[in-house]
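So the structure is just underneath, and the comments pick up after that.
Number of protein chains: 2
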Amino acid sequence: MDDPQAWLTLARVPGLHAGPVRKAHIDPRALLHESPATLAALGLRADHVAALRRPDRDGIARDERWLAGTGRRVIGWGTPDYPAQLAHIHDPPLALFVEGDVAALSLPQLAVVGSRNPTPLGRDTAEQFARHLAAAGLAITSGLALGIDSAGHRGALQAGGRTVAVLGCGLDRIYPRSHAELAREVTAHGALVSDLPTGTPPLKHHFPRRNRLISGLSLGTLVVEAALQSGSLITARLALEQGREVFAIPGSIHNPMARGCHRLIRDGAKLVETVHDIFTELGALLAGLRLQVCAEAPDAQEVSGPTLDKDYEILLDALGFAPASIDTLVARTGFAAQEVASMLLILELGGRVAQQYGGLYCRRLPGKD
Amino acid sequence: MDDPQAWLTLARVPGLHAGPVRKAHIDPRALLHESPATLAALGLRADHVAALRRPDRDGIARDERWLAGTGRRVIGWGTPDYPAQLAHIHDPPLALFVEGDVAALSLPQLAVVGSRNPTPLGRDTAEQFARHLAAAGLAITSGLALGIDSAGHRGALQAGGRTVAVLGCGLDRIYPRSHAELAREVTAHGALVSDLPTGTPPLKHHFPRRNRLISGLSLGTLVVEAALQSGSLITARLALEQGREVFAIPGSIHNPMARGCHRLIRDGAKLVETVHDIFTELGALLAGLRLQVCAEAPDAQEVSGPTLDKDYEILLDALGFAPASIDTLVARTGFAAQEVASMLLILELGGRVAQQYGGLYCRRLPGKD
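From first to last, the protein sequence lines stand for chains A and B. Each residue of the first sequence is one higher than the one before, starting from 73 at the first, in the numbering used here. Each residue of the second sequence is one higher than the one before, starting from 73 at the first, in the numbering used here.
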């Protein structure tokens, strides 16, 4: 492993990124040995220069203790393991802390982001898209947050795929704490990443910074449900600035969690109804990566569920998108109550409908269980 | 009244429209006196020429009997009452049969169209948009069909506004028959229109033709819910060809009735969440018509409902967009069951929630009753 201490020192210079060294065509580690005048000439601020000359020994010792654990690395900008997609953004971190499989960071990734308070159907949708995208070979990148983020990670894990979680704190902390078990699964089937050194708490201003890594690691960003003025819209804006694709899933105008997506679509994001829409858009990029994703992509039929017998289709149509009782379904279809009950049972066993409180039936997404 | 017989004769030449006479700068009635050679030189087909020379006397007599009824007119292209918006399309009808207020045809209109089988929320949405648009001074134009069309007409009527129904059959028939009462209300507060003479049945191929009149009479077309491959998408395509605005309301990707709208948005239709979005887009056109619509437009707040006390907002948020029981709401909010029950009662009286089968509560659109 290459000289972690130099990278740890660089990681502890707040606000310093790889932009200046890229411009100067020098190895970032050279910054540790340059004179203040040279550093200033490279465009470094006075506080950067001061921090480089007075390394935080205690902090670095803490990072080193963390690095001693299994599967932990610090990856420097310009070294072979540093993810190429991220290296190309305007302000790539000088060092990345990684726990898990470093190679996951260099897989073609799609970011799946959205509200921390999605609707249940929004959560299902995020999970379903992530499952299909991961099954097709894309790693799913997100922020380990509640709601859509975790549904994205979980969908990828369900598919036996790869997933990357970018944190807004040091990797010796997991935020939110309730996702500690999810973080362990992500580590086992992908990687946790942060550009923040150990001991850094999840402060509010870290999240836009974390979001730039999520979009920067990814070929594109899929926003599933998002309120206006939400962090997901920041991620989407960063993705656009980084020249990456932005995908948004529309929703009912009566669902406030769809407003952010509608704003993005108005502003030019691709309206996405199926995973196919994403593959179509990313086709050229994925071909460039010599990845045969399209051949493995589930078709729209699969997402909307297998074709059913006509009577079952009539019954599902009658059920619509709001819960209904057997009596209501009898009235809507003209089928006998006994028929409706037995068809519902078969649909329930097939995972196409669910019984909820009050004996009402509602639709489920195909493939959910 | 000007010479109805000439217009009735012209109306009974199948497929002949005002394009050729507009190009030749002649009065359409002159066609009745021209030689076959002159008619051919004007671009009329042989079957047009034959029909002009052998008028359908019985049909015309039937039209005349219909015209003898109250409030019935035939309006010729180029005469003062012919609606200017429609006169400008590529293929305006030579004559329009009208029952009701002819002046309604010359009001600034917005077409509200969509599926004959919308979801209940789609129907509510159409009605609500039509109500607000009509209250602001736009006439609502549609096709009297089941589903979204009739919701559009009804919304306009509820607002005490004006509405225009274009039929795909002669005005001596009403299709669908179940809308006979609605047709009477439209006649009393606007107009029924057709370019098809009396006795013409509602044949399938009349509907694209009818749709071109709906879009042609209107400044723009709002598609509320529509399947792919539906008549509403034809209307929207015609609106674009006629240089009119197309507006589409997005919906859940799990709602097949949203697919048509999503297709339109991908193809460049304006994504609409509130009536404001429509007024913003039509602003310049409406200013040109010297109409002060914007001042009367309901604001987004009104569409999303008045602001409630914080606890009520918490309860409505907990209710979300799927029905829930009191127990579920207690679990979601942490409020006492008694509190939840009394708040739901107040919200129900205020028209913000409704109780449905099984004792579940669901949200309603503000202003619905």
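Glycine included, each C-beta is placed from N, C-alpha and C at the ideal position.
Selected residue, minimal CA-CA separation from residue i, among the options
| i | options | result |
| --- | --- | --- |
| A:L289 | A:C241, A:I147, A:A223 and A:T213 | A:T213 |
| A:T307 | A:N327, A:H278 and A:P322 | A:H278 |
| A:E253 | A:G143, A:G194, A:L104 and A:L229 | A:L229 |
| A:F169 | A:T272, A:L116 and A:G186 | A:T272 |
| A:Q301 | A:K276, A:R309, A:G332 and A:H326 | A:G332 |
| B:R234 | B:Q181, B:R137 and B:M329 | B:Q181 |
| B:H326 | A:P86, A:Q200, A:H120 and A:G422 | A:Q200 |
| A:L238 | A:V258, A:A426, A:V296 and A:T400 | For clarity, residue 238 of chain A is Val in the given sequence; the question names Leu instead. The option with the nearest alpha carbon to A:V238 is A:V258. |
| A:L166 | A:A90, A:V265 and A:A409 | A:A90 |
| B:T352 | B:A83, B:D383, B:F319 and B:L336 | B:F319 |
| B:A123 | B:V93, B:L82 and B:G148 | B:L82 |
| A:A206 | A:A299, A:H348 and A:I246 | A:H348 |
| A:H97 | A:W149, A:D383 and A:R117 | A:W149 |
| A:L388 | A:G194, A:M415, A:P100 and A:G431 | A:M415 |
| A:G355 | A:Y433, A:G224, A:R94 and A:E317 | A:E317 |
| A:S222 | A:A255, A:L210 and A:G232 | A:A255 |
| A:Q77 | A:A133, A:I386 and A:K95 | A:A133 |
| B:G215 | B:D399, B:G232, B:S287 and B:A426 | B:S287 |
| A:T346 | B:A341, B:K342 and B:S324 | B:S324 |
| B:Y154 | B:S178, B:T142, B:L285 and B:E136 | B:S178 |
| B:K276 | B:D196, B:P152, B:G303 and B:L88 | B:G303 |
| B:G143 | B:P248, B:S250, B:G262 and B:R126 | B:G262 |
| A:L358 | A:R125, A:V402 and A:A211 | A:A211 |
Contacts that residue i makes with chain B (C-beta to C-beta distance below 8 Å)
| i | result |
| --- | --- |
| A:G323 | P322, G323, S324 and I325 |
| A:E345 | I325, R331 and H334 |
Through-space distance from residue j to residue i, alpha-carbon basis
| i | j | result |
| --- | --- | --- |
| A:A202 | B:R435 | 30 Å |
| A:Q157 | B:P274 | 60 Å |
| A:G315 | A:P190 | 27 Å |
| A:T270 | A:L114 | 28 Å |
| B:G219 | A:R404 | 15 Å |
| B:G240 | B:L268 | 7 Å |
| B:R245 | B:H120 | 25 Å |
| A:A208 | A:G186 | 22 Å |
| B:P92 | B:L116 | 7 Å |
| A:D75 | A:R101 | 9 Å |
| A:G227 | A:H204 | 8 Å |
| B:D128 | B:G172 | 26 Å |
| A:A118 | A:W138 | 30 Å |
| A:I418 | B:G423 | 37 Å |
| B:V344 | B:L264 | 28 Å |
| A:L103 | A:G242 | 23 Å |
| B:S107 | B:D99 | 15 Å |
| A:L80 | B:D339 | 50 Å |
| B:T293 | B:V184 | 6 Å |
| A:H162 | A:R281 | 12 Å |
| A:P193 | A:A426 | The sequence given here places Leu at residue 193 of chain A; Pro does not occur at that position. Whole-angstrom Cα-Cα distance: 13 Å. |
Any C-beta of chain B under 8 Å from that of residue i
| i | result |
| --- | --- |
| A:L193 | yes |
Interface partners of residue i on chain B, CB under 7 Å
| i | result |
| --- | --- |
| A:R338 | L343 |
is_contact[residue i, chain A] using C-beta, thresh 8 Å
| i | result |
| --- | --- |
| B:L432 | yes |
Entirely enclosed alpha helix (DSSP H) segments - the segment 141-205 of chain B, minimum 4 residues:
156-159
4 or more residues per run - each alpha helix (DSSP H) lying fully within the segment 297-331 of chain B:
303-313
Just list the alpha helix (DSSP H) runs in the segment 83-125 of chain B, keeping only unbroken ones of 4 residues or longer that don't cross its boundaries, in chain order.
91-96, 108-113 and 118-125
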